Amino acid sequence: MIRKMERGDLLPCGEIYARAFPQEHWGIDWTQENAAAYLQDFFEQKKFVGYVYEEEGQVLGCVFALRRICGSREEMYIQEMAVLPQRQGRGIGRQLLDTVGAYCREQKLAGMVLYTGSHAPAARFYETNGFQVSPGIICMYRDM
Ligand SMILES: CC(C)(COP(=O)(O)OP(=O)(O)OC[C@H]1O[C@@H](n2cnc3c(N)ncnc32)[C@H](O)[C@@H]1OP(=O)(O)O)[C@@H](O)C(=O)NCCC(=O)NCCS
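If you want my numbering, it's the 1-based position in the sequence shown plus 134.
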């Protein structure tokens, strides 16, 4: 079942996140603790919207999103989502995204926005779920 995220979910979500983004693939040394701290920063924001997928008391997937003003309307930014690797590909991600989508429709938000690696497999997942590459926007970065 899907339910609204609570503070007590942050540590299990940190574990899912660290497992879903292993260092050998992503080059970042995520641990349950530093991932939970990272995710907590979203959770504590005023416009946070988050859900977990839970089965028999175990959290198996999560989505972290933030509402952001865009002129007279608002958009939903999907910040992070992750499903426990051994449970991926069974519709949990789709259900989480659909739940955020239903919230957006109900609240009359203009749309959903997200950033993902251009070569990451998740891009296909988002396309399957109705997202398109946004025309006219590029992501820029400056090394320090
Ligand atoms: C991306 C992620 C959240 C998707 O969740 P999931 O539960 O595995 O996805 P679902 O089972 O709901 O998949 C829904 C659809 O997307 C497709 N899909 C899922 N993962 C995919 C992948 N890696 N490549 C291509 N298609 C994918 C599925 O085939 C399915 O389509 P179908 O119903 O037509 O068969 C999950 O795989 C994950 O945590 N990945 C690692 C972390 C990550 O990349 N997070 C997102 C970073 S922005």
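By construction, the Cβ of each residue, glycine as well, lies at the ideal position given by its N, Cα and C atoms. Owing to the predicted nature of the structure, the values given are computational and were not obtained by experimental measurement.
Worksheet item: Helix, strand or coil: how does DSSP classify residue 147 here?
Response: Start at 1 with the first residue of the sequence shown, and residue 147 comes out as number 13. The answer is helix: DSSP assigns residue 147 an H, G or I state.
Discussion item. Quick check on residue 213: buried or exposed, where buried means 16 or more other Cβ atoms within 10 Å of its Cβ?
Written reply: Your numbering for residue 213 matches position 79 in the sequence shown. Burial call: buried.
Item to complete: Could you tell me whether any non-hydrogen atom of ligand 1 is closer than 7 angstroms to the CB of residue 215?
Response: On the sequence shown, position 81 is the one that residue 215 refers to. For ligand 1, a non-hydrogen atom lies closer than 7 angstroms to the CB of residue 215.
Worksheet item: Over what stretch of residues does the alpha helix (DSSP H) that includes residue 162 continue unbroken?
Response: Within the sequence shown, numbered from 1, the residue matching residue 162 stands at position 28. Premise fails: residue 162 is in no alpha helix (DSSP H) and is neither H nor E.
Worksheet item: Which word fits residue 196, buried or exposed, when buried means at least 16 other C-beta atoms lie within 10 angstroms of its C-beta?
Response: Position 62 of the sequence shown holds residue 196. By the neighbour-count rule (16 or more Cβ atoms within 10 Å), residue 196 is buried.
Fill in: Best match in 216, 274, 201 for proximity to residue 259 [C-alpha to C-alpha]
Walking along the sequence shown from the start, residue 259 turns up at place 125. Comparing Cα positions, the closest option is 216.
Discussion item. Closer than 7 angstroms to a non-hydrogen atom of ligand 1 - does that hold for the CB of residue 157?
Written reply: Mapped onto the sequence shown, residue 157 falls at position 23. Placement of the Cβ of residue 157 at a distance of 7 angstroms or more from every heavy atom of ligand 1 is found.
Fill in: N- and C-terminal bounds of the beta strand (DSSP E) containing residue 328
No information on residue 328 is available, as it lies outside the stretch 135 to 278 that the chain covers here.
Item to complete: Check each candidate in 261, 257, 142 and name the one with the smallest Cα separation from residue 191.
Response: Sequence index remark: in the sequence shown, residue 191 carries index 57 (1-based). Closest option to residue 191, Cα to Cα, is 142.
Discussion item. According to DSSP, simplified to helix, strand and coil, what is residue 203?
Written reply: Indexing the sequence shown from 1 puts residue 203 at position 69. The answer is strand: DSSP assigns residue 203 an E or B state.
Discussion item. Looking at the strands, I want to know which residues DSSP matches up with residue 238.
Written reply: Here residue 238 refers to the residue found at position 104 when the sequence shown is read from its first residue. As far as DSSP is concerned, residue 238 takes part in no beta bridge.
Discussion item. Can you list, in chain order, the residues of its chain with a C-beta nearer than 8 angstroms to that of residue 299? Leave out the 5 residues immediately preceding and following it.
Written reply: Because residue 299 is not part of the residues shown, which for the chain are 135 to 278, the question remains open.
Discussion item. Let's see if you can read the secondary structure: which residues bound the alpha helix (DSSP H) around residue 172?
Written reply: Your numbering for residue 172 matches position 38 in the sequence shown. Counting along the chain, the alpha helix (DSSP H) containing residue 172 begins and ends at 166-177.
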